Structures are given as structure tokens and as C-alpha cells.
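S.K.: This is the structure I want to talk about, given as C-alpha cells.
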Amino acid sequence: TVTFSCDSGYELQGSAFRSCQTTQQWTGSQPFCIMKICPPLHAPDHGSVSGGNSYGDVVTYSCETGYDMLGTPSRTCQDSQQWSGNQPYCLRVQCPTLSAISDGQMSGDNFFGDRTTFVCNTGYELSGSPSRTCEADGSWTGTQAACNRKQCPDLFPPPHGNVTGQTFYGDTAIYTCSDGYELTGITARICQADQQWSGTEPVCQSKEQSQCPQLTVPAHGSANGGIYYGDTAAYSCDPGYELVGSSIRTCQADGQWGGMQPTCNKMQCLPLQAPANGSITGGNFYGDQVIYSCDSGFDLVGTPIRICEDNQQWSGTQPSCTRICCDNSISIPNGSVSFLPDSCHGGVAGFSCQQGFYLQGSNLAICNNSGLWAGQLPSCERVCCGVPGTIRDGVHNSTGLCYGDVTTYSCIPGFLLKGNATVLCDDVGYWGKAPYCERTKN
């Protein structure tokens, strides 16, 4: 009797023993060694895997840009038909935490692709980058932001008077007059967040002149001019407001102002219409914002926010809501894909395999709100039957072990084959009924 064995990494196909018979013939048929195969490996999330899965093959893992690998970057198919090491992971790159800014706020996370935005408190202005993005190498774009206190322009003293105080946001400037003069107007002005001084510049008038009452400044407007006989006062409104009433008034001999006290009314834009399959929220007065949003399953194309401007026109253009759709060209080898009712949001992709193949994975995928098919696409794997059975006093030879492959049987001398000489691996993973060998009659 001769015993057959295979080298490491190979396994024997056929009988491991053959005996020399009295006929000077060996029993059975010549076995052969085939290379061992390890199970296929899957790529980690946000990564890929390359390489074969036969004995001795080395598989290499890699991660997408912005992700670092945790674990072994390569694995080897071993004699045990198991892979060396463990499955690695791809972790999103994290940038160092940014320092908080004084007199302001920052918002945002610190992982790859995240953006941190800096905003200063009222009365402060930003220097440096208004936003910074975490990059793939773990560093931030831009430069460190800082909030600096705003400064108003220098004030000049009125004739026959003086002004004192600092010029930064929140500071107060105090006006005084020389002896023999009195202050007409406000005595103090404050540096505001828009880097303008509150109120209007006062004047120093001789105490001997007659005067009109102090000017009443309309809300959201300004008034400039003297308050003595013959002086004129000019009124104006802030951007986004329109003047209603007299724009010019004159101090009359009776100590009263001519004309009518004006007001500043907020301008109004025409109402906006919601896009099809969407909605809007917000008012339509100057400075109001209208925010557009789309119904579930639709994506906004265009400007999401429009602002009523001081020309009574809306900024930007009307956006639209388009239906979110997934890729309708997806396919799986040895299978087919059908869509119900279509490949857009909420639609279902159904997968099926050709005869002789079975589905590995889910048979359905749903198009989600991001325009992507949920889950991982399945694959069609070939149905296999395993090793065919042996027959007593006979031998067999197989073209393979999977669907469509054929095993051929024959008997040793002195025996006659009963049944079909060939059997087929069918589409459900079974070999046809094997024949048997019957001793011939002399």
C-alpha cells in the first residue's frame, strides 16, 4: 500500500492510499494536491483591501484620506486556511482642540472635514481666520482667530467747547462749553458696535441767543442742525427705513420748529412663495431672513436663506426642491437588479441571482435621504456541492466541485458500472445519484 500526502498549504483530492493488486495494477486513481483557500476578507469601513486568498497570499489594507489605520496593515493566508492577525479599522483623523477666544464664541467639532467657526461678541471685530477646517494630516487650515475691541473715529470739539473720553466700543465722550456758552444737544455720546457715535454732535451757543426746543431724533434715524432762530435741522433714516414727514425743519422766530416731526418706518419686501415640495419661514421686513426647506426626500438647489435688503428687494434667487435619487446603474455580477417603484428616495432595489448562484447579503436596499443605497450591496456566489462520493471497486474524476461541474465514474477491471457514468453538480448544491460497480459474471 502506498500513502499519499501533500505539502504544507495543499490538500489532497482523491484517495490517500493505493494498493498493488495481483493484477499488477494499483487500486483507485492517482490523487492530486490543490492549494488551500482562505475565506474572502472584507474591507474595513472607509478603507479598502487588496490581494488574493490562496495559501501564502498576503492581503494589504489601506484607509481613505482623512482616516488612520488601527491594527495590522497586512494579513497572510495560513496552512490552517485561516488568516493571520485581526481585522484592522479605519479611524477618522482628529485635529487638536482649538483654544477658545476671548470676547467671542467658537462652534464646531475637531475631526477630519469638520469646520470650526469663530464669532465675536457685540462691539468686537475678528482678526485671523473666521473659520478653520480639520485636514487629513491632523492640522487646521487658517490662523488663530482673535476678537479685538472696535474703535470709533476721533471726535472734534465744537467751536467754543471741548470733548473728552476714549474712542473704543462702549466708551463715552463728554462735551463741555467755554464760559459764556451753553451746550445745545446731548452732553455725552457713546461709541457703538457699528463703530459710529450715538446721537449727533452738540453745539456751544452764546447764552444771549434765543433757541428752539431740542431736536427729537426719530427711532432708526438721525437729526442734524442747530436749534437757534434761522437754523435748519435735516432728518435722515438708517438703511432699510424710509422717512415719513418733513426731512428739513427750520427754527422759527417764535421758538418753534416748522414742519412736522418725521418718523422712520421699516421698509417691506414683497412676500415670497414657497417652492414646490418645500416650505419657507420668516418675515418680509427689512433685515428679515426667509429660510427655505424641502420636504423629506427632496434636496434644496439654490440659496437656502434670502434677506430683505434696504432697496426692498430680496437677496439671492428663488431656490427649488429636487427629488433625491440614488445611483440606478448599480449591478451585481451573475445577478440582476430591479427597482420598485424607482431608484429615488424611498425606492427599493431588489437583487436576485442567476441559476446556480446564491445571494450573499440582503436581497433589498432602500434609497435613503442622502441619495445613497442603505447597507452594503450583496453578491452572487456560485453554488458548490462539496466532494463527490466514492464507489466501491471503482474510481471517479471531477471537473470541479461547483454548479455545472461533472464527476465521471468507472469500474476497475472485473466489474461493470451500473447507473449513469456521469453525475452533475446541480443548482441547489447536490450531486446526482452515483452509480455502483457490479462484479461481472464469468
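Heads up, the sequence shown stops at 442 in full-length UniProt numbering, and the numbers go up one at a time, no gaps. Yeah, the Cβ is synthetic: ideal placement off N, Cα and C, and Gly gets one too. Only a predicted model underlies this, so the values are computations on that prediction, with no experimental measurement involved.
Mind checking which residues open and close the beta strand (DSSP E) that includes residue 135?
M.R.: The sequence position of residue 135 within the sequence shown is 135, counting from 1. Careful: residue 135 lies outside any beta strand (DSSP E) and carries neither H nor E.
S.K.: Between residue 414 and residue 440, how many whole angstroms is the CB-CB distance? I'm expecting something under 8 Å.
M.R.: To locate residue 414, count along the sequence shown from 1; it is residue 414. To locate residue 440, count along the sequence shown from 1; it is residue 440. So it is a contact: roughly 6 Å between Cβ atoms.
S.K.: Return the residue from the list 164, 158, 178, 151 that minimises the CA-CA distance to residue 170.
M.R.: By 1-based counting over the sequence shown, the position of residue 170 is 170. Ranking the options by Cα distance to residue 170, first place goes to 151.
S.K.: Please report the distance separating the alpha-carbon of residue 278 from that of residue 306.
M.R.: Within the sequence shown, numbered from 1, the residue matching residue 278 stands at position 278. Within the sequence shown, numbered from 1, the residue matching residue 306 stands at position 306. If you take the alpha carbons of residue 278 and residue 306, they lie about 15 Å apart.
S.K.: Among 166, 390, 384, 63, whose alpha-carbon lies nearest the alpha-carbon of residue 402?
M.R.: Looking up residue 402 in the sequence shown gives position 402. Among 166, 390, 384, 63, the Cα nearest to that of residue 402 belongs to 384.
S.K.: Locate the beta strand (DSSP E) running through residue 244, then write down its first and last residues.
M.R.: For the purposes of this step, residue 244 is taken as residue 244 along the sequence shown, with counting starting at 1. Start and end: 241-244.
S.K.: Is any non-hydrogen atom of the ligand FMN found closer than 7 Å to the C-beta of residue 9, if you look at the structure I gave you?
M.R.: In the structure on display, the ligand FMN does not appear, and there are no ligands present to speak of.
S.K.: If contact is defined by three or more beta carbon pairs under 8 Å, each pair taking one atom from either stretch, is the stretch 70-78 in contact with the stretch 109-125?
M.R.: No: fewer than three Cβ pairs fall under 8 Å.
S.K.: Near residue 122, what residues of its chain come up, given a Cβ to Cβ distance below 7 Å and the 5 sequence neighbours on each side ignored?
M.R.: Sequence index remark: in the sequence shown, residue 122 carries index 122 (1-based). Once the five neighbours on either side are set aside, the close Cβ partners of residue 122 are 193.
S.K.: Can you grab the Cα-Cα spacing for the pair residue 330 / residue 337, in whole Å?
M.R.: As a first step, residue 330 is located in the sequence shown; it is residue number 330 there, counting from the start. As a first step, residue 337 is located in the sequence shown; it is residue number 337 there, counting from the start. C-alpha separation (whole angstroms): 8 Å.
S.K.: I need the straight-line Cα distance from residue 135 to residue 113, nearest angstrom please.
M.R.: To locate residue 135, count along the sequence shown from 1; it is residue 135. To locate residue 113, count along the sequence shown from 1; it is residue 113. Near 6 Å, if we compare the C-alpha coordinates of residue 113 and residue 135.
S.K.: So residue 391 is in the beta strand (DSSP E); what residue range does that whole segment cover?
M.R.: As a position in the sequence shown, residue 391 is number 391, starting the count at 1. Run containing residue 391: none; DSSP gives neither H nor E here.
S.K.: By Cβ distance, which residues of its chain are closer than 6 Å to residue 299, with the 5 residues on each side in sequence left out?
M.R.: Within the sequence shown, the letter at position 299 stands for residue 299. Closer than 6 Å at Cβ, skipping near neighbours: 322, 324.
S.K.: Could you give the uninterrupted runs of the beta strand (DSSP E) lying entirely in the stretch 145-216, keeping only those of 3 residues or more?
M.R.: Listed in chain order, they are 146-149, 161-164, 172-177, 181-184, 188-190, 203-206.
S.K.: With distances taken from CA atoms, which of 10, 283, 382 is nearest residue 428?
M.R.: Here residue 428 corresponds to residue number 428 of the sequence shown, with the count starting at 1. When each option's Cα is compared against that of residue 428, the closest is 382.
S.K.: Rounded to whole angstroms, what's the CA-CA distance from residue 354 to residue 430? Just pull it up for me.
M.R.: For the purposes of this step, residue 354 is identified with residue 354 of the sequence shown, where counting begins at 1. For the purposes of this step, residue 430 is identified with residue 430 of the sequence shown, where counting begins at 1. Whole-angstrom Cα-Cα distance: 17 Å.
S.K.: Shortest alpha-carbon distance to residue 191 belongs to which of 174, 167, 242?
M.R.: Your numbering for residue 191 matches position 191 in the sequence shown. Measuring from the Cα of residue 191, the nearest candidate turns out to be 167.
S.K.: Give me the Cβ distance between residue 130 and residue 117, rounded to the nearest whole Å; I'm assuming they're in contact under 8 Å.
M.R.: Here residue 130 refers to the residue found at position 130 when the sequence shown is read from its first residue. Here residue 117 refers to the residue found at position 117 when the sequence shown is read from its first residue. So it is a contact: roughly 7 Å between Cβ atoms.
S.K.: Drop a sphere of 10 angstroms on the beta-carbon of residue 42, count the other beta-carbons inside from all chains shown, and report buried for 16 or more, exposed for fewer.
M.R.: Walking along the sequence shown from the start, residue 42 turns up at place 42. Exposed, since its Cβ has fewer than 16 Cβ neighbours within 10 Å.
S.K.: Do the stretch 280-287 and the stretch 257-270 touch if we need at least three Cβ pairs shorter than 8 Å?
M.R.: As far as the Cβ criterion goes, the stretch 280-287 touches the stretch 257-270, which means the pair count is three or higher.
S.K.: Can you say whether residue 58 is buried or exposed, counting buried as having 16 or more other CB atoms within 10 angstroms of its CB?
M.R.: The residue labelled residue 58 in the question sits at position 58 within the sequence shown. It is exposed - the Cβ of residue 58 has fewer than 16 other Cβ atoms within 10 Å.
S.K.: Out of 343, 425, 327, 359, state which residue places its alpha-carbon closest to the alpha-carbon of residue 333.
M.R.: For the purposes of this step, residue 333 is taken as the residue at position 333 of the sequence shown. Cα-wise, what sits closest to residue 333 is 359.
S.K.: Please report the distance separating the alpha-carbon of residue 394 from that of residue 377.
M.R.: To locate residue 394, count along the sequence shown from 1; it is residue 394. To locate residue 377, count along the sequence shown from 1; it is residue 377. Taking the straight line from one Cα to the other gives about 45 Å.
S.K.: Answer yes if the stretch 216-231 comes into contact with the stretch 245-252, meaning at least three C-beta pairs across the two stretches below 8 Å, and no otherwise.
M.R.: Taking 8 Å as the limit for Cβ pairs, the verdict is that the stretch 216-231 does touch the stretch 245-252.
S.K.: For residue 94, does the three-state DSSP call read helix, strand or coil?
M.R.: Start at 1 with the first residue of the sequence shown, and residue 94 comes out as number 94. Strand.
S.K.: Our contact map puts residue 140 next to residue 98 with C-beta atoms below 8 Å; I'd like the distance itself, whole angstroms only.
M.R.: Here residue 140 corresponds to residue number 140 of the sequence shown, with the count starting at 1. Here residue 98 corresponds to residue number 98 of the sequence shown, with the count starting at 1. Right, their Cβ atoms sit about 7 Å apart.
S.K.: Distance, Cα to Cα, residue 153 vs residue 163?
M.R.: Within the sequence shown, numbered from 1, the residue matching residue 153 stands at position 153. Within the sequence shown, numbered from 1, the residue matching residue 163 stands at position 163. Going by the C-alpha atoms only, they are around 13 Å apart.
S.K.: What first and last residue would you give for the beta strand (DSSP E) that runs through residue 120?
M.R.: Against the sequence shown, residue 120 aligns to sequence position 120. It spans 115-120 - the beta strand (DSSP E) in which residue 120 sits, taken as one unbroken run.
S.K.: Which stretch, first to last residue, makes up the beta strand (DSSP E) that contains residue 434?
M.R.: The count along the sequence shown starts at 1 and reaches residue 434 at position 434. Run containing residue 434: none; DSSP gives neither H nor E here.
S.K.: In three-state DSSP terms, what is residue 112?
M.R.: The count along the sequence shown starts at 1 and reaches residue 112 at position 112. DSSP places residue 112 in coil when its eight states are reduced to three.
S.K.: For residue 13, which beta-bridge partners are listed by DSSP?
M.R.: Counted from its first residue, the sequence shown places residue 13 at position 13. 32.
S.K.: Starting from residue 292, trace the beta strand (DSSP E) both ways and give me its first and last residue.
M.R.: Position 292 of the sequence shown, counted from the first residue, corresponds to residue 292. Start and end: 289-294.
S.K.: Whole angstroms are fine: how far does the CA of residue 79 sit from the CA of residue 10?
M.R.: Translated into the one-based positions of the sequence shown, residue 10 becomes position 10. Translated into the one-based positions of the sequence shown, residue 79 becomes position 79. Near 8 Å, if we compare the C-alpha coordinates of residue 79 and residue 10.
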